Amino acid sequence: MIEVTRLSKIYQRDDGTPVAALKDISFTVEKGEFLTIRGPSGSGKSSLLNILGCLDNPTSGTYRLNGEELSAYSDKQLSYIRAWKIGFVFQSFNLMPRTTALENVEIPMIYGPGRVDRKKAFAALERVGLGGRAYHFGTELSGGEQQRVAIARALINDPPLILADEPTGNLDSAAGAKVMGTLSQLHQEGRTVVLVTHDDAVAAYAEREILFKDAVLVCDRKTSVGHPVAAL
Amino acid sequence: MSRNRLRTFLMMLGVMIGICSLTILDSVGENTRRETMKRFKNMIGTFDTVIIRPGAGKTRGMVSLTNVPPALKFDDAQALAQEIPEVRQVALLQNAFDIDVKYKDRSASPAIFGVSANWLDLRGDELASGDFISPDDIQSLARVAVLGSNVAPELFASDDPLGKTIRIGDVPFQVKGVLQSRGAGPGGASLDDLVLIPVTTASKRLFNRDFLTMVIAQLRDPVKSEAAIAKITALLRQRHHIAASALDDFTLTSPQAVMAQVTQMGSILSTILKGIAAIAMFIGGAVIMSLMLISVSERRKEIGLRRSVGARRRDILLQFILEASLVSTFGGVIGVALGLAGTNLVARMQHLPPIFVWQSLEWTTALSTGLGLVFGIYPAWRAAQVDPVKALRT
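Protein chains in written order, with the working numbering: chain A, 1 to 232; chain B, 1001 to 1394.
1. Applying a beta-carbon distance threshold of less than 7 angstroms, which residues of chain B neighbour asparagine 94 of chain A?
2. For a contact defined as C-beta to C-beta under 8 angstroms, what are the partners of phenylalanine 88 of chain A on chain B?
3. Looking at glycine 176 of chain A: is its Cβ nearer than 9 angstroms to the Cβ of glycine 131 of chain A?
4. Where are the alpha helix (DSSP H) runs, 4 residues long or more, that stay fully inside the region 94 to 167 of chain A, in chain order?
5. Are the CB atoms of threonine 197 of chain A and proline 167 of chain A nearer to each other than 9 angstroms?
6. Quick one: list the residues of chain A neighbouring valine 1389 of chain B, beta-carbon separation under 8 angstroms, in chain order.
7. Under 9 angstroms, do glycine 1332 of chain B and threonine 1369 of chain B count as touching if we go by C-beta distance?
8. Check whether the Cβ atoms of alanine 150 of chain A and leucine 195 of chain A lie closer than 9 angstroms to each other.
9. Does tyrosine 63 of chain A come within less than 9 angstroms of chain B when only Cβ atoms are used?
10. Can we say the region 1242 to 1251 of chain B touches the region 1100 to 1112 of chain B, given the rule of at least three CB pairs closer than 8 angstroms?
11. Starting from arginine 1312 of chain B, find everything on chain A with Cβ-Cβ shorter than 7 angstroms and list it in chain order.
12. Return the chain-ordered list of same chain residues with a C-beta closer than 7 angstroms to the C-beta of cysteine 54 of chain A, the five sequence neighbours on each side being excluded.
13. Looking only at DSSP bridge pairs, what is glycine 1130 of chain B linked to?
14. Check whether the Cβ atoms of arginine 1088 of chain B and arginine 1220 of chain B lie closer than 9 angstroms to each other.
15. Measure from the C-beta of isoleucine 37 of chain A to each C-beta in chain B and report whether the shortest distance is under 9 angstroms.
16. Checking contacts by CB at 9 angstroms: is aspartate 1026 of chain B closer than that to chain A?
17. By the criterion of Cβ-Cβ separation under 7 angstroms, what are the contact partners of arginine 82 of chain A in chain B?
18. Beta-carbon of isoleucine 151 of chain A versus every beta-carbon of chain B: anything under 9 angstroms?
19. Report the option in B:Leu1179, B:Gly1169, B:Thr1008, B:Pro1172 whose CA atom is closest to the CA atom of alanine 1124 of chain B.
20. By alpha-carbon positions, which one of B:His1241, B:Leu1373, B:Gly1029 ends up nearest to leucine 1322 of chain B?
21. Hey, alanine 1277 of chain B and valine 1028 of chain B: beta-carbon distance below 9 angstroms or not?
22. By DSSP, does glutamate 1035 of chain B sit in helix, in strand, or in coil?
23. Can you grab the Cα-Cα spacing for the pair methionine 1062 of chain B / glutamate 1035 of chain B, in whole Å?
24. I'd like to confirm the pairing. Which residues does DSSP put opposite threonine 1253 of chain B in its beta bridges?
25. Can you find the residues in the same chain that come closer than 8 angstroms, C-beta to C-beta, to leucine 1013 of chain B, ignoring five residues on each side of it along the sequence?
26. Is DSSP giving alanine 175 of chain A helix, strand or coil here?
27. State yes or no: is the C-beta of arginine 1382 of chain B within less than 9 angstroms of the C-beta of valine 1296 of chain B?
28. Check this for me: beta carbons of valine 1144 of chain B and threonine 1213 of chain B, under 9 angstroms apart or not?
29. Whether or not the region 46 to 63 of chain A and the region 5 to 13 of chain A are in contact is what I'm after, with contact meaning three or more pairs of Cβ atoms, one per stretch, closer than 8 angstroms; do they touch?
30. Mind checking whether proline 1198 of chain B and valine 1175 of chain B have CB atoms under 9 angstroms apart?
31. Could you spell out where the beta strand (DSSP E) holding isoleucine 1242 of chain B opens and where it closes?
32. For a quick check, are the C-beta atoms of leucine 1242 of chain B and valine 1050 of chain B less than 9 angstroms apart?
33. When the distance is taken between beta carbons, is methionine 1 of chain A closer than 9 angstroms to threonine 223 of chain A?
34. By the 10 Å Cβ neighbour count, where 16 or more other Cβ atoms means buried, how is methionine 180 of chain A classified, buried or exposed?
35. Hey, does glycine 114 of chain A have any beta-carbon neighbour from chain B nearer than 9 angstroms?
36. Glutamate 3 of chain A lies in the alpha helix (DSSP H); which residues open and close that run?
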């Protein structure tokens, strides 16, 4: 599903000196895998996720998603991929302020394949166990609830690939476990989940992890069996 | 937008004020123009005429009926009618203001107008009842009178004045007709406070004067009034033996020229005021732009999020342009509403019927929408350039 070949990302610092966020990264992810990307902060995990999520372009190398080579895609084409193929979950939830949970979930439908469908948005909220909170504002929800609203939002256009950037980073362990449970469930349904984290407990849900250090991929390994959902 | 009410209101304010003043200007301007036209028409009557008055042209615009120099004679008027082919006919006026009119024990002091039989036609007046002065009345120096609509009730209360005998000075006149009301003239004074009698009777039996207050020459072709005016001037100078270097001892006024002057003055004023309104609108636009820019930088996260779920740069651009023009249009609509209220207020202050110019609704709405578009483009472009990666970074 994902095929990354010799990918590099070089940033310009404010004083003009170049900094490599990713150096010559290559790996593949099969459809339906649950993969974590781990490593210390500043090691390049988030840069990779942004490129995988079509929010950023690599400096060199290629990125194929479902066989499509995306490095040279225009803004319009990349936006289309983001709307149809990818669901994003962020560490800081990124719910819109003074907007209800339901309206937050509806946002991707504006840009995605279908029409804005309130019933569908409501169903997505029910799926993450927040049907009763549909008309609450983001600020009225707990962190765990906000993140599950964000997951419902990521799912609303039914994308095959879910990208999560430290989704439990701002949550306590109980709320984090619930969020991870929801993500595992998505994986069970056949979606590909790629998750950036530096939390071992979170990494334990995945089948495979790749480790970054100083912008280089240093390790790519299968982890002990996927975390059993039943244990939640 | 609705989430930051104060800012939205401020964004609308400039547009509101600009559109409000434009609406008032438009309606009041149109109202004043119509009223001026109406009053001029009241005073002058038809527009295909040239007014000739004795005396050099010192009083511009308005026709003065007092202190008439004895320069313009009956013969002059006759010569104009006979010798200048462009002149269809002439109407004569001799007048006095200081003669009392009596009926039984009632009295009034209207203006006494000695006029020719064609006066009614040239002035565009109409009779409320009875008949007007006839050519026979002129010939025979008949003692007949036609009353202005204010004079009839003053002398006769609710009685029918037709056929009754009134005294003008000490001379008895028989009432032959009553005019319809003309309303107010350009100065606001009533034009109905008068009694009309045959000009010959006035000259020989009442005023004992052989000069005229005013001659109204009706032209065959009002479009060619310049040529006619030149000929009239030449003829009168010749008849009055005026040396080539001397000034005219008479004044010609063309209602068309006066009207043009008045409407032009109106349009200069409204051009200046429109300029001010345009500046208000421009400031309003600048406010929209700066507040939109603030809004864009505050909403970077929202922009980043929208981009991450599939919004193209174009979608973001359109969203912000739409917001700007929506706010601006809404401001414009409120401005029109306020302008309507203002128009009514101004009209009431001027004692005029309020006229709302509906065409202005269309173009002011278009204007305010366009303003939002133009001043929203740059902030919207900035919004579209927001890098989602940076915007979403915590």
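Just so it is clear, CB atoms sit at the ideal spot from N, CA and C, and this is done for glycine as well.
Only a predicted model underlies this, so the values are computations on that prediction, with no experimental measurement involved.
The structure says:
1. Lys1301, Leu1305, Leu1392
2. Those within 8 angstroms of phenylalanine 88 of chain A in chain B are Ser1308, Val1309.
3. no
4. 101 to 111, 118 to 127, 143 to 155
5. yes
6. Asn50, Leu55, Asp56
7. yes
8. no
9. no
10. no
11. Asp75, Lys76, Ser79
12. Leu70, Leu78, Ile81, Arg82, Ile86
13. B:Gly1177
14. yes
15. no
16. no
17. Residues of chain B passing the Cβ test: Ser1308, Val1309, Gly1310.
18. no
19. The displayed chain sequence assigns glycine, not alanine, to residue 1124 of chain B. Looking at the Cα atoms, B:Leu1179 is the closest of the given residues.
20. B:Leu1373
21. no
22. helix
23. Bear in mind that a pLDDT of 49 at methionine 1062 of chain B, under 50, signals an unreliable position, so the number given afterwards is only what the model happens to contain. When rounded, the distance between both Cα atoms is 16 angstroms.
24. Its beta-bridge partners are B:Ile1051.
25. If we look at leucine 1013 of chain B and ignore the five residues flanking it on each side, its Cβ neighbours are Gly1284, Val1287, Gly1331.
26. helix
27. yes
28. no
29. yes
30. no
31. Note, isoleucine 1242 of chain B: premise wrong, no beta strand (DSSP E); not H, not E.
32. Just to set this straight, residue 1242 of chain B is isoleucine in the shown sequence, not leucine. Cβ distance not < 9 angstroms, so isoleucine 1242 of chain B and valine 1050 of chain B don't count as in contact.
33. no
34. Looking at its Cβ environment, which holds 16 or more other Cβ atoms inside 10 Å, methionine 180 of chain A is buried.
35. no
36. Segment 2 to 12 is the beta strand (DSSP E) holding glutamate 3 of chain A; no alpha helix (DSSP H) there.
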